[in-house]
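Take a look at the structure below.
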Amino acid sequence: MNEGTTKGFRGVYAKLLLSFLALTIPVYLIVLSFLSSAITTVKERITNSVFSEIDRLLTGLETDLERVKLFQLMLKNDENVQYLATAQGVIPDYDKISLYKELQSKFDLIVSNSSFIDDLAIDFPDFDLRLSYLSGRTSIPMEDLKQYENEDFSDGWLKMSYSQAELDRRLSDVLTYKMYMKTTRGGVTKIHYVLRMNIGLDKFRKLLQDFKVGQSGSALIYDRKHGFLIEPANRGELSRLVSARLQEQDSFNSSAAEGQFNLRYDKQKTTVLYRTSEALDWTVAVFVPEKEIMGEVHGRQMGLILLIGITLISVAGFSYVIYRQIHKPIRVLFNAMRHVERDRYDTRIPTRRNDEFDYIYTRFNQMIQRIETLIQRDYLQQIRIKQSELKQLQTQINPHFLYNCFYIIYRMSKDRENEAIAKMSEYLGKYYQFITYKSGMDEVSLAEEVEHSVAYLSIQQIRFEDQLTYTVEVDPALGDIPVPRLILQPLVENVIVHALETRPENISMTIHAQRVENVLELSVEDDGPGADEQAIRKLLQDLELEHEHPASSFALWNIHWRIRYKYGPDYGIVIRHPEYGGFHITIRLPAD
Numbered sequence: 145m146n147e148g149t150t151k152g153f154r155g156v157y158a159k160l161l162l163s164f165l166a167l168t169i170p171v172y173l174i175v176l177s178f179l180s181s182a183i184t185t186v187k188e189r190i191t192n193s194v195f196s197e198i199d200r201l202l203t204g205l206e207t208d209l210e211r212v213k214l215f216q217l218m219l220k221n222d223e224n225v226q227y228l229a230t231a232q233g234v235i236p237d238y239d240k241i242s243l244y245k246e247l248q249s250k251f252d253l254i255v256s257n258s259s260f261i262d263d264l265a266i267d268f269p270d271f272d273l274r275l276s277y278l279s280g281r282t283s284i285p286m287e288d289l290k291q292y293e294n295e296d297f298s299d300g301w302l303k304m305s306y307s308q309a310e311l312d313r314r315l316s317d318v319l320t321y322k323m324y325m326k327t328t329r330g331g332v333t334k335i336h337y338v339l340r341m342n343i344g345l346d347k348f349r350k351l352l353q354d355f356k357v358g359q360s361g362s363a364l365i366y367d368r369k370h371g372f373l374i375e376p377a378n379r380g381e382l383s384r385l386v387s388a389r390l391q392e393q394d395s396f397n398s399s400a401a402e403g404q405f406n407l408r409y410d411k412q413k414t415t416v417l418y419r420t421s422e423a424l425d426w427t428v429a430v431f432v433p434e435k436e437i438m439g440e441v442h443g444r445q446m447g448l449i450l451l452i453g454i455t456l457i458s459v460a461g462f463s464y465v466i467y468r469q470i471h472k473p474i475r476v477l478f479n480a481m482r483h484v485e486r487d488r489y490d491t492r493i494p495t496r497r498n499d500e501f502d503y504i505y506t507r508f509n510q511m512i513q514r515i516e517t518l519i520q521r522d523y524l525q526q527i528r529i530k531q532s533e534l535k536q537l538q539t540q541i542n543p544h545f546l547y548n549c550f551y552i553i554y555r556m557s558k559d560r561e562n563e564a565i566a567k568m569s570e571y572l573g574k575y576y577q578f579i580t581y582k583s584g585m586d587e588v589s590l591a592e593e594v595e596h597s598v599a600y601l602s603i604q605q606i607r608f609e610d611q612l613t614y615t616v617e618v619d620p621a622l623g624d625i626p627v628p629r630l631i632l633q634p635l636v637e638n639v640i641v642h643a644l645e646t647r648p649e650n651i652s653m654t655i656h657a658q659r660v661e662n663v664l665e666l667s668v669e670d671d672g673p674g675a676d677e678q679a680i681r682k683l684l685q686d687l688e689l690e691h692e693h694p695a696s697s698f699a700l701w702n703i704h705w706r707i708r709y710k711y712g713p714d715y716g717i718v719i720r721h722p723e724y725g726g727f728h729i730t731i732r733l734p735a736d
């Protein structure tokens, strides 16, 4: 967007747009307020509903597991258990069998009246005896005996642990409640017997599998004390993510009984709500995709999106009308002014609108017509004068070294140097072919200009033999760029005249061309004696004299002003004095 268009935008269009926004923004704020209130209400309602389901699940778990503990207390106070524990070693075998059968019957009654208990047993460590509902009378496994010996009772005699046990003839994950009964003899406390209740974790998993929240919501149980996770069978990775966050929440605030958080899983946002049972020290967490929780709100969100869409279409239509009626005519005027800035004084704006802009366009056309008349009277006259001066300057470039060339050919013919004469004639022919054949052209390609200078250097190399060496560094890709004719050879000749002819030592010269953004830099550099700072300042002053022809640096002045006349003040000759000596002249030309 140009400067004029920007100003136009900041004017009428900006005021109309701000007025339109001032009318619509309050409406948006009211709608957003209603929507926010609705979303909050729906979230609270859904959250309360989920917490109610969690409470129902926790209440059921607390009730069932409390019954497990009650059954343990029943067995603890059972007379047969007490009798076996104290008189195991003196009871006759037939009485033991009778006691075992009675206990087995009680085991059957307990298991049949509990939906959780899969197996129960009584261990008598002193007699290496286990009475089990599933296994009957067996020895106590060695790992259990070792556990009894190393058990820490600092936190009580009722223990809960997770392990694996054989249920229904297969090894299963179980939750075991153990009640240790102790006895003290001679000041020594030891385990008298242990009541064990095994609950298969598959019962909890099935309970969680049947616990549904929405279409894909699930739940898990996290034992805060033991750091154990009971999860549905098909939610392993997500369950582990939830339990990890619960551990973080627990370590940060162990007293938090309930809460919620969000996490991202499988490229969607999941909401987790959890509540902890103080009786069990278990946390039940429910995780549901947020889109299911907020499903009821989506309809209202779509309504708001539709409203915003309609408003945006209205804004677009309103803006288009403004563009057609105001902005576009102003842009036409600005574009016309830009054309005039680029010296296109034949620019005219058609006047067919029959409105206020038609009057502005008419006045603009009259103004440009007047400017064009003044240019024809004054500015074009100055341009013709500059063109005449340019032609005059171009005619002053003459091959003044012709006489030296003839003398060299004469000398080589006396010495019968036929090959050298052939080369000299070839180079001289190329040199004058360029001078004569291209004489009617203002521009040549960079490659042709460089080739002409190389022909001149080859002639001078024959003349000075080993005293002169040169290097040409020009990218072939730059060869087609048009340049003014005869701008490089005079610079090369300037080096020969002021450097090589004034001292007998060898001299090296480099012709270099490069493109720097949109500028072609064509340079000639030598390692000759160069010039002092005063001479360079004098040379630079001479180059700035537009209407005076300096006698000492006419060739450079000629090239410099030819380029200035043709391309403008940003181009021309740049001179610098390298630190290592010599002279460096650069011609700046447009590369496009």
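In the numbering used here, the protein residues as written are 145 to 736. Don't be surprised by glycine CBs; every beta carbon is placed ideally from N, CA and C.
Straight-line measurement puts the Cα of K250 at about 31 Å from the Cα of H370. Between the segment 194–208 and the segment 419–435 there are three or more C-beta pairs closer than 8 Å, enough to call the two in contact.
Residue environment: A265 is assigned as buried (16 or more neighbouring CB atoms within 10 Å of its CB, all protein chains considered).
Fewer than three Cβ pairs drawn from the segment 344–360 and the segment 327–336 lie within less than 8 Å of each other, which leaves the two stretches out of contact. For D346, the enclosing alpha helix (DSSP H) begins and ends at L345 to D354. When the Cα atoms are used, N509 and Y489 turn out to be separated by approximately 10 Å. When the alpha-carbon of D199 is set against those of Y418, K413 and L214, the nearest one is in Y418. Rounded to whole angstroms, the gap between the alpha carbons of N224 and E392 is 48 Å.
The closest CA to that of V171, considering only P694, L448, R706 and T420, is found on L448. Under DSSP, R281 forms a beta bridge with L275. With contacts defined by Cβ atoms closer than 8 Å, M568 and I603 form a contacting pair. Rounded to the nearest whole angstrom, the C-alpha separation of R349 and N342 is 15 Å.
Counting only runs of 4+ residues, the alpha helix (DSSP H) found wholly inside the segment 556–613 occupies 562–581 and 590–608, in chain order. Between T455 and L176, the alpha-carbon positions lie close to 15 Å from each other. Cβ-Cβ distances below 8 Å link Y575 to P543, H596, A599, Y600 and I603 in the same chain, with the five nearest sequence neighbours on each side left out; the list follows chain order. Membership of N221 in any alpha helix (DSSP H) is not indicated, and neither H nor E is assigned to it by DSSP.
The segment 654–664 and the segment 697–707 do not touch, with fewer than 3 CB-CB distances between them shorter than 8 Å. The C-beta of P722 has fewer than 16 other C-beta atoms within 10 Å across all chains shown, which makes the residue exposed.
Three or more Cβ pairs closer than 8 Å define a contact, and the segment 466–475 falls short of that threshold against the segment 402–409. In the same chain as Q611, and ignoring 5 residues on each side of it, the C-beta atoms closer than 7 Å to its own belong to L644, N650 and I651, in chain order. Boundaries of the alpha helix (DSSP H) around T506: E500 to L518. Per DSSP, H728 lies in no alpha helix (DSSP H) segment; the continuous beta strand (DSSP E) that holds it begins and ends at F727 to P734. The segment 693–726 is shown to contain whole alpha helix (DSSP H) runs of 4 or more residues at 698–711, in chain order. Within the model, the alpha-carbon separation for V627 versus E669 is close to 19 Å. A direct Cα-to-Cα measurement between F478 and D487 gives close to 15 Å. Here H656 is bridged, per DSSP, to E617 and S667. If you draw a straight line from the Cα of S458 to the Cα of S181, it is about 27 Å long. Shown here, S259 sits in coil according to DSSP, grouped into three states, outside any helix or strand. With distances taken between CA atoms, S196 lies nearest to V430 out of V430, V660, G461 and E561. Residues H656 of the same chain have their beta carbon placed closer than 6 Å to that of E617, with the five preceding and five following residues left out of the count. Under the three-state reduction of DSSP output, D267 falls in the strand class.
Secondary structure note for V430: its beta strand (DSSP E) is the uninterrupted segment W426 to P433.
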